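Data first, discussion second: the structure below is written as structure tokens.
Protein chains: 2
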Amino acid sequence: MAAVLQKKIRVILADDHPVVRDGLAAMVNQQPDMEVVAEAGDGEEAIGLYERHKPDVMVLDLRMPKLDGLAVVQRVLEINPKARLLIMTTYDGDEDIFQCLSHGAKGYLLKDTPRQEILSAIRAVSEDRPYTSSTVAAKALQRMAKPSLTERELDVLELVAQGRSNKDIARRLSITEGTAKTHVKSILTKLDAISRTEAVAVAHKRGLIRL
Amino acid sequence: MAAVLQKKIRVILADDHPVVRDGLAAMVNQQPDMEVVAEAGDGEEAIGLYERHKPDVMVLDLRMPKLDGLAVVQRVLEINPKARLLIMTTYDGDEDIFQCLSHGAKGYLLKDTPRQEILSAIRAVSEDRPYTSSTVAAKALQRMAKPSLTERELDVLELVAQGRSNKDIARRLSITEGTAKTHVKSILTKLDAISRTEAVAVAHKRGLIRL
DNA sequence: AGCCGCCTCTCCCATCTGGGGGATGGCGGC
DNA sequence: GCCGCCATCCCCCAGATGGGAGAGGCGGCT
């Protein structure tokens with residue numbers, strides 16, 4: 007019990023739900039070895055607070071107003087490549103997980119994770135050790151075996167998901183209907199779907215698109 | 007400051023995210039006029055705890071394991087038609103809102119609601135006064151103007167959302183492909199969509215289907 | 001009993017969609 | 001430079017989809 011002299015782990019929380027921030031803050035501040043130094047309600051705020059406080063760990067929600075969690079990961083790591091970022095979200099699509107981890111987030115947690123595990127994750131990340139549950143890690147690995155969509159295909163996919171016809175998609179992207187069809191066909195192949203509606207279902211499950 | 011003698015508002019929290027429960031519990035227990043008497047992590051537990059504790063207010067998440075929030079609303083109100091239930095969720099589709107309120111929930115909150123408003127809502131509901139933000143109320147009203155889907159149409163819609171073909175849907179529901187098409191057509195009409203994929207997009211936005 | 005909504009099935013037909021090819025120019029990496 | 005990936009465009013064609021209209025049976029509500 008001697009060394010409370012040790013520096014506490016300084017944590018920033020970024021989540022657009024006040025309730026979640028409160029819950030996390032309460033949990034963290036109850037621990038003798040960590041403390042919350044700031045809270046952000048959106049992505050821009052998170053970046054600003056990161057620069058101001060240079061915390062040991064920042065816990066990030068994926069879906070936030072203004073700038074989403076992935077964008078925050080990218081920006082913060084540009085500023086400080088050693089930043090320790092822990093994603094905490096409800097979304098378990100393999101694309102989200104893969105993107106965050108491959109862009110340098112140190113951990114990825116789901117919001118239904120038990121208290122103790124959340125705290126363990128924060129401690130692990132603060133020591134620069136990656137933290138990922140086996141389920142989440144498995145998804146990231148799954149994702150690696152799957153073909154990626156190109157930028158253009160993602161543009162098309164988004165419109166497909168809105169229920170647009172090929173003709174409509176072509177008009178909006180200023181390309182031929184034939185070209186739109188080509189993109190759609192390649193999306194179907196990559197997502198291993200038979201119809202556009204199935205493609206949307208698959209894409210949604212994987213976290214390729216946000217509705 | 008005299009009367010702390012007044013009975014506190016007894017609250018049960020039901021949410022499958024430990025973090026959210028913690029956050030709410032912390033908020034509620036800090037108030038002099040309310041206290042958390044139990045917490046549930048899924049729908050079944052929520053019903054059991056309701057019967058055991060008969061709280062003044064139960065705060066319910068919509069999407070929970072085993073039994074979702076709407077089902078809990080229905081069961082609890084069968085047990086005690088005067089139960090005071092407050093929905094607290096991230097889903098703002100008009101169907102969810104409409105269903106919960108029309109089944110007798112006293113309030114509907116979104117998780118990004120500020121602390122103070124959450125507490126006001128709990129107080130309002132505890133006094134049997136309905137609580138609904140104007141945005142949420144507006145959606146419930148919007149929904150009333152829209153045609154409802156029949157049971158069968160919802161069955162079909164779910165399969166459509168999974169990307170099934172008419173033929174496949176027919177097989178799974180043991181009906182003719184023609185009948186499946188008829189249902190799909192009527193879904194398209196009711197949802198004001200041109201294609202099945204658009205229908206899925208609309209249905210998802212409205213909260214008619216869960217992916 | 002009579003009416004109405006729902007589920008079921010049927011037929012027709014224009015259009016969209018998806019699968020199979022193939023071809024071009026551009027752009028970046030090796 | 002050459003290669004590979006990407007975006008763009010093109011062809012053909014079978015099958016799925018969506019729009020329109022009708023009709024019988026069944027259960028609930030009046």
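Chains as they are written, first to last, in the working numbering: chain A, 7 to 217; chain B, 7 to 217.
Cβ coordinates follow ideal geometry from the N, Cα and C atoms, glycine included.
This structure is a prediction, so every number in the text was calculated from the model and none was measured.
Listed along chain B, the residues sitting closer than 8 Å to glutamate 204/A by beta-carbon distance are Gln168, Gly169, Arg170. In this structure, the alpha-carbon of alanine 167/A lies about 31 Å from that of lysine 112/A. Within chain A, no C-beta atom comes nearer than 8 Å to that of serine 192/B; the closest sits roughly 17 Å away. Taking 8 Å as the cut-off, the beta carbon of valine 26/A is found no closer than this to the beta carbon of isoleucine 53/A.
With the criterion set as a beta carbon lying under 9 Å from some beta carbon of chain A, the members of the segment 30–48 of chain B are Leu30, Ala31, Ala32, Met33, Gly47, in sequence order. Every unbroken stretch of the alpha helix (DSSP H) spanning 4 or more residues and falling wholly within the segment 57–123 of chain A is given here in chain order: 75–85, 100–108. Check the Cα spacing between valine 206/B and each of Gly184/B, Lys173/B, Arg178/B, Asp161/B: the tightest is with Asp161/B.
Burial check for aspartate 134/A: the Cβ neighbour count within 10 Å stays below 16, so the residue is exposed. Beta-bridge analysis with DSSP links valine 42/A to Val17/A. The residues Asp100, Glu101, Ile103, Phe104, Arg212, in chain order, have a CB closer than 8 Å to that of arginine 149/A in the same chain once the five nearest residues on each side in sequence are set aside.
By the 16-neighbour rule on beta-carbons within 10 angstroms, serine 132/A is buried.
Ranked by how close their Cα comes to the Cα of aspartate 48/A, the residues Val65/A, Glu159/A, Lys152/A, Ser180/A have Val65/A in first place. In the structure shown, threonine 182/B adopts coil according to DSSP, grouped into three states.
Contact with chain A is found for leucine 217/B, since one of that chain's Cβ atoms lies less than 8 Å from the residue's Cβ. Threonine 203/A sits in a helix when the DSSP states are folded into three classes. At least 8 Å separates the beta-carbon of aspartate 67/A from that of aspartate 118/A.
By the CB criterion at 8 Å, valine 63/A and leucine 92/A fall inside the cutoff. Secondary structure at threonine 141/A: helix, using DSSP grouped into helix, strand and coil. In this structure the segment 30–44 of chain A lies against the segment 12–21 of chain A, because at least three pairs of beta carbons, one per stretch, are closer than 8 Å.
Counting along the chain, glutamate 159/A sits inside the alpha helix (DSSP H) bounded by residues 157–167. In the structure shown, the three-state DSSP call for glutamate 50/A is helix.
Residues of chain A whose Cβ lies closer than 9 Å to the Cβ of alanine 207/B are, in chain order, Ala167, Gln168, Gly169, Val206, Leu217. Apart from the 5 residues on each side of it in sequence, threonine 182/A sits with its Cβ closer than 7 Å to the Cβ of Ala176 in its chain, given in chain order.
For proline 61/B, the number of other beta carbons within 10 angstroms of its own is at least 16, and it is reported as buried. Take leucine 217/B, set aside five residues on each side of it, and the residues of its chain with a beta-carbon closer than 8 Å to its own are Ala167, His210, in chain order. Collapsing the DSSP output to three states places lysine 152/A in coil. At a Cβ-Cβ threshold of 8 Å, serine 192/B and serine 201/A do not count as neighbours. Glutamate 159/B and tyrosine 137/A have their C-alpha atoms some 44 Å from each other.
One Cα belongs to leucine 76/B, the other to leucine 165/B, and the distance between them is close to 22 Å. Nearest Cα to aspartate 74/A within the set Arg178/A, Glu50/A, Lys13/A, Pro153/A: Glu50/A. About 2 Å separates the beta carbons of glutamate 204/B and glycine 169/A, which is inside the 8 Å limit, making them a contact pair. Shown here, serine 171/A sits in coil according to DSSP, grouped into three states, outside any helix or strand.
What valine 26/A touches in chain B, judged by beta-carbon distance under 8 Å, is His23, Val25, Val26, Gly29, Lys117, going in chain order. When secondary structure is reduced to three states using DSSP, glycine 29/B falls in the helix class.
Between methionine 94/B and the set Ile124/B, Pro71/B, Gln80/B, the nearest pair of CA atoms involves Ile124/B. For serine 126/A, there are no neighbours in chain B by C-beta distance under 9 Å, as the nearest C-beta there is about 14 Å away.
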